[in-house]
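Visitor: Residue numbers (this note's numbering): -10 to 318. Quick reminder that beta carbons are idealized off the backbone N, C-alpha and C, glycines included. The structure that follows is given in the form of structure tokens.
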Amino acid sequence: MPRLLSGLQPSGQLHLGNYAGAIKQFLTLQDRGYESFVFVASYHALTSVRDPAALRTNIRQVVIDYLAFGLEPKKTHIYLQQDVPAVTELAWLLGCVCPKSQMDKAVSYKDKVAKGLPASLGLYTYPVLQAADILAVEPDVVPVGEDQRQNVEIARDLAQRFNHAYGRDDTPVFKVPEVMIQRGTAVLPGLDGQKMSKSYGNTLDPFLPEKKLRKTIMKIVSDSTPVEAAKNPDTDTTFALFSALAGADNPRTHELAEKYRAENISFGYGHAKQALFELVLEHFGPARQRREELMGDPGHVEQVLRDGAAAANQAAAAVVKNARHAVGL
Ligand code: AQP
């Protein structure tokens, strides 16, 4: 059975970018029979979150949202990063074969520091911990958004370096996984047109109460093309979000694109935003309902995490044992 591994940081409320770039792929692969390992990257979130109460709340919320979006614990092992200690041990072993220059070249560190995150050692070596998350459970694929491509490439590279240093030809220590990125939703824009990101304050949370959801969608930045003029759907954020949710090939998306292009006094950006609002409610209706139910069932959430951690620990134990042996410990 093929395996996938991926995770999200509990650095804030999950948003449409996380859903379109990552979670939607988890759901598709889960339905195709992949054994899935999907974790909450709580150690990674420590590079940006310094409020323990907020972190605790976010961690629980990410698990509830994973389940609400449709991850099924029978097919997907859901766990917290700190519940699989083998990951931090592997991070050390991988760090010892990682050239410093590789971290110097990592773009996410530079981007995040430029956005005001503290320039900590944790943030600097973030890709090594991420490589350990990935390699610990030997996945075939790592589905992520475009911004994570380089980090998965680093994980592949570290696995190969380690295998080269310590493996024997016929028995590599680490399995080298493939990155998987969804075309069309690889970088979803946020309300302001930049990449949608928890830390940029430009996100759309599909679980917002209806009134607030509509208000937030109406805030999406659009250009100043007058109502009666033709508009370009390909450069508009509202259209990008609609297309990511409905699907680029959906007749509803084509129909909306035609409305943009027509010179029509009765179709402005406000109408496109109303269409997006209705689509979000329709698309996430069942998830919004499930989320309400899950919020009242903390026992179930705890059980899911215990089972998920047991499966991840089991997978990681064999990998760490091999890696320790390979280096001479
Ligand atoms: N805008 C996006 N479009 C497509 N995919 C996205 N992802 C994030 N934003 C977009 C994908 O979601 C997964 C989880 O990412 P993460 O939580 O580890 O951190 P991130 O990529 O840094 O996400 P954020 O929201 O931007 O978090 P902060 O602001 O805390 O750094 C990944 O697969 C990512 O590609």
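DSSP has F256 in a bridge; who is on the other side?
Guide: Its beta-bridge partners do not exist; DSSP assigns none.
Visitor: Is any heavy atom of the ligand AQP found at a distance shorter than 7 Å from the C-beta of V52?
Guide: Outside the cutoff, so no.
Visitor: Just to confirm the assignment: which complete alpha helix (DSSP H) runs, minimum length 4, are found wholly within the segment 148 to 219?
Guide: Within the segment 148 to 219, the complete alpha helix (DSSP H) runs of at least 4 residues are 199 to 207.
Visitor: If you draw a straight line from the C-alpha of Q71 to the C-alpha of E78, how long is it?
Guide: Spanning the two alpha carbons is a distance of roughly 12 Å.
Visitor: For G(-4), name the three-state secondary structure that DSSP assigns.
Guide: Strand, per DSSP.
Visitor: For a quick check, are the C-beta atoms of A233 and T160 less than 8 Å apart?
Guide: In this structure, T160 does not lie closer than 8 Å to A233 by Cβ.
Visitor: With H4 as the anchor, note down where its alpha helix (DSSP H) starts and where it stops.
Guide: Unbroken run through H4: none, as it is neither H nor E.
Visitor: Under the rule that 16 or more other beta-carbon atoms within 10 Å means buried, what is G10, buried or exposed?
Guide: Its Cβ being crowded by 16 or more others within 10 Å, G10 is buried.
Visitor: Whose C-alpha, out of L(-7), N221 and L(-3), is nearest the C-alpha of S324?
Guide: With the chain covering -10 to 318 only, the question about residue 324 has no answer from this structure.
Visitor: I'd like to confirm something about K187: is its beta-carbon nearer than 7 Å to some heavy atom of the ligand AQP, or not?
Guide: Within the cutoff, so yes.
Visitor: Three-state secondary structure (DSSP) at F273?
Guide: DSSP places F273 in coil when its eight states are reduced to three.
Visitor: Could you check whether the Cβ of S133 sits closer than 7 Å to any heavy atom belonging to the ligand AQP?
Guide: Strictly speaking, residue 133 in this sequence is Val, with Ser absent from that position. Under cutoff, so the answer is yes.
Visitor: Report the residue from K164, V130, A144 and A305 whose alpha carbon sits nearest the alpha carbon of I170.
Guide: I170 has its Cα closest to that of V130, out of K164, V130, A144 and A305.
Visitor: Could you pull out every residue in the same chain whose Cβ sits closer than 6 Å to the Cβ of L18, ignoring the five residues on either side in sequence?
Guide: L(-7).
Visitor: I need the boundaries of the beta strand (DSSP E) containing S25, first residue and last residue.
Guide: Element bounds for S25: E24 to V29.
Visitor: Using only CA atoms, which one of L112, V168, V86 and V27 lies nearest to Y98?
Guide: When only C-alpha atoms are compared, the closest one is L112.
Visitor: Taking D122 as the reference, give the member of M92, A315, A306 and L318 with the closest Cα.
Guide: Measuring from the Cα of D122, the nearest candidate turns out to be A306.
Visitor: Shorter than 7 Å, the distance from the beta carbon of S31 to the closest heavy atom of the ligand AQP, or not?
Guide: Every heavy atom of the ligand AQP is 7 Å or more from the Cβ of S31, so no.
Visitor: Look up V126 in the DSSP assignment and say whether it is helix, strand or coil.
Guide: In this structure, V126 counts as coil in the three-state DSSP scheme.
Visitor: Taking 8 Å as the threshold, find out whether the segment 101 to 115 comes into contact with the segment 28 to 46 through three or more Cβ pairs.
Guide: Short answer: they touch.
Visitor: Leaving out the 5 sequence neighbours to the left and right, which residues in its chain are closer than 7 Å to A264 when beta-carbon positions are compared?
Guide: Taken in chain order, the residues that qualify are F231 and L245.
Visitor: Can you give me the C-alpha to C-alpha distance between A95 and N47, rounded to a whole angstrom?
Guide: Going by the C-alpha atoms only, they are around 26 Å apart.
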